[in-house]
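Structure first, commentary second.
Protein chains: 2
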Amino acid sequence: MHYVGLDIGGTATKAALTDETARILETRKILTITDDLTGLVSSLAELVHEFQKTAVIDAIGLGVPGLRSSKTHIIETSPNIPCLQNVNLEQLLADQVHIRTVGENDANAAVYAEFVRGAAMGLEHIACLTLGTGLGSGFVLNGSLFTGASGFGGEFGHTVIQAGSSVENSGRLCGCGNRGCLETYVSASGIVMTAEAMMDLVPDSLLHGIELPLTSEKIYNAATQGDATAEAVFRETGRYLGIACANLIDLLNLEMIVIGGGVMAAGEMLMQSVRAAARRYAFPASFRDCQIVQSQLWPDGGVIGAAMIARDR
Amino acid sequence: MHYVGLDIGGTATKAALTDETARILETRKILTITDDLTGLVSSLAELVHEFQKTAVIDAIGLGVPGLRSSKTHIIETSPNIPCLQNVNLEQLLADQVHIRTVGENDANAAVYAEFVRGAAMGLEHIACLTLGTGLGSGFVLNGSLFTGASGFGGEFGHTVIQAGSSVENSGRLCGCGNRGCLETYVSASGIVMTAEAMMDLVPDSLLHGIELPLTSEKIYNAATQGDATAEAVFRETGRYLGIACANLIDLLNLEMIVIGGGVMAAGEMLMQSVRAAARRYAFPASFRDCQIVQSQLWPDGGVIGAAMIARDR
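What follows is the structure in structure tokens.
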């Protein structure tokens, strides 16, 4: 049996041909067409056709960024791909390629990959957080992908960790229009905001010498070169992420939180602070149940998970 | 069939005899013995014996405040009942009364009551928040009581909504030792803290004339008498609680959040602000799925839920 997993991102779409054990046999990558639905569907069909030269495909899994209804299979909205507004993309693709196609939120696909093939194999209560430009998150609870009443669940990145007050709302402004969302503290752009705040406090930080625009990569490089402010930025980011992990641990009594995404290039520099803050903030009994680890599948979790959801659903 | 539901609180223990449809046939109430385990167990057995004069009891449900392991059935810790430290209370009671006894966290019992008999009957994704001195919370997900890997899940009151920063941690100090826990903003004591902060801003508020100690009831009474600061306190409390509801809605895509507890005497004065903030902060698609309502079962949800868990487990 062979499956195609597609992971549609705001910039690129990754695709993989897998066997039924989630082994990747072949990968492809194209730029995502974001403003023309017909063009997007055709480009996805073309990817599938390319894989069909190698194998008979039994089903396609489609990871999409955005809110997909598990009731209607319609993508209600996808902030970075404007043409995906109230669209049943899986149906449109299936109609072109005549292969069963199953859709899922991209972060849900990523946690499913960790569950069937990654660090969380054999566990029943798992979160997977993906730290990139934003924060993606998916959950396996009681041994099943958890998506809530309509499939919209798992949007941890827009939960508020800095509520401020109505007199003075100090939470950072998020792309969603609210203030204080977790995403604004732990994503790549959150790291830049933390750095900017710290640079105001430390006039002689080496970060002031970095060529603009400031990016999380440049801050990471400064940290590895020993700049104390840059190191503090990652400690502070780890503190926020650790508090967020503690929130999940107290609420869901998880067995594992798997963290992936481009930001995790910072690896243990970040993870030490994450674990320290989670230990401090979570209930000890619940913290003991939960490992916090880096993803070993990233960046392939999305395509693997999509393929395996196509296998299992 | 007849069941006894026990709801052990830090001050009082409530007990009810129910039939298999969750109808309450008889209630009793005693002071909780908090510092003497043998005395506590005897007092619970005595309650059961009293009910046995009326009916043959098929099973007993025991709602306990604290972290109960679903694996070992041991209560690891119960902050307000010091004698419940590493104790299998359900076993101790069963040994005395020779009736099958099932334990559960008290807030989990309350959501179970809403699920089988209360506002959330027929729904599959539910939270129940109980606002008293602290904040209790329980969850039904995918049509089952959700308690996580070891039964410790559902502790929403100690999730952080004001993370502050390591430079300046502005979150309110919680009884658990951390700062910024939700409980410190929306519980009865949270309301008092909000009032104290607002009184500093409004020197001529009528709240300054209230006899100390300030309580949430006194602030509520001032609000019903038209004191603008007291009204603002409840609006602000509603804002915090609404943000917390939005966090749950985005994360869990719930169908209903049921709110009970003594604080809800403030009723619609609070609920309007809760719904407004939840609408503003949650994803519109997820917010549409979720009703936010007051509990109709409170204060009996605990005993009803405990009895029905005894029936169903």
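Chains as they are written, first to last, in the numbering used here: chain S, 36 to 348; chain F, 36 to 348.
Note that the Cβ used here is the ideal one computed from N, Cα and C, for glycine as well.
Counting only Cβ-Cβ distances below 7 angstroms, Gly188/F has contacts in chain S at Leu286, Leu287 and Asn288, in chain order. Interface with chain F (8 angstroms Cβ-Cβ cutoff): Leu305/S is excluded.
Proximity of Val195/S to chain F, defined by a Cβ-Cβ separation below 8 angstroms, is satisfied. Interface residue (Cβ-Cβ distance to chain S less than 8 angstroms): Phe191/F is classified as such.
In the DSSP assignment, Met291/S falls outside any alpha helix (DSSP H) and lies within the beta strand (DSSP E) extending over Met291 to Gly295. Shown here for Met234/S: same chain residues with a beta carbon closer than 7 angstroms to its own, the five before and five after excluded, namely Ser240, Leu242, His243 and Thr264 in chain order. Around the beta-carbon of Leu236/F, fewer than 16 other beta-carbon atoms lie within 10 Å, marking it exposed. For the pair Glu303/S and Arg270/S, the Cα-to-Cα distance works out to about 11 angstroms.
Interface residue (Cβ-Cβ distance to chain F less than 8 angstroms): Asp324/S is classified as such. Burial check for Asn282/F: the Cβ neighbour count within 10 Å reaches 16 or more, so the residue is buried.
By the Cβ rule, the segment 171 to 183 of chain S does not count as touching the segment 76 to 88 of chain S, because fewer than three pairs are nearer than 8 angstroms. For Leu242/F, the nearest beta carbon of chain S is not closer than 8 angstroms to its own beta carbon. Contact with chain F is absent for Asn115/S, since none of that chain's Cβ atoms lies less than 8 angstroms from the residue's Cβ. Between Cys163/F and Gly295/F, the CB-CB gap stays under 8 angstroms. When C-beta distances to chain F are compared with 9 angstroms, the residues of the segment 157 to 179 of chain S below that value are Leu158, Glu159, His160, Ser172, Phe174, Leu176, Asn177 and Ser179, in chain order.
DSSP places Val91/S in the coil class of the three-state scheme, outside both helix and strand. The continuous beta strand (DSSP E) containing Asn140/S extends over residues Thr136 to Asn140.
Look at Arg207/F here: in three-state DSSP terms it is coil, with no helix or strand label.
Our two residues, Leu287/F and Phe322/F, have alpha carbons roughly 11 angstroms apart in a direct line. Ile278/F reaches chain S at Val195 and Ala198, counting residues in chain order whose Cβ is nearer than 7 angstroms. A distance below 7 angstroms between beta-carbons, with the five flanking residues on each side excluded, links Ala313/F to the following residues of its chain, in chain order: Gly277, Cys280, Ala281, Ile284, Phe322 and Ile327. Note that the C-beta distance between Gln331/S and Met306/S is not below 8 angstroms. Listed along the chain, the chain F residues whose CB falls inside 8 angstroms of the CB of Phe269/S amount to none; the nearest CB is some 12 angstroms away. Taking the CA atoms as reference points, Ile344/S sits about 32 angstroms from Ala317/S.
At a cut-off of 8 angstroms between C-beta atoms, Gly297/F does not count as an interface residue with respect to chain S. According to DSSP, Leu79/S shares a beta bridge with no other residue. The continuous alpha helix (DSSP H) containing Ala345/S extends over residues Gly336 to Asp347. Residue burial is scored here from C-beta neighbours: Val122/F has at least 16 other C-beta atoms within 10 angstroms and is therefore classed as buried. If you draw a 10 Å sphere on the C-beta of Glu246/S, you find fewer than 16 other C-beta atoms in it, and that means exposed.
Around the CB of Ser251/S, 16 or more other CB atoms lie within 10 Å, so the residue is classed as buried. At a cut-off of 8 angstroms between beta carbons, Phe150/F makes no contact with chain S. In the displayed model, Arg103/F falls within a strand according to three-state DSSP. Taking Arg310/S as reference, the option from Val293/S, Cys209/S, Val91/S and Arg103/S with the minimal CA-CA separation is Val293/S. Residue contact with chain S for Tyr147/F: absent (no Cβ-Cβ distance below 8 angstroms to any residue of chain S). Taking the Cβ atoms as the reference, Ala341/S lies roughly 6 angstroms from Asp42/S, within the contact range of under 8 angstroms. Taking 8 angstroms as the cut-off, the beta carbon of Ala51/S is found closer than this to the beta carbon of Ile59/S.
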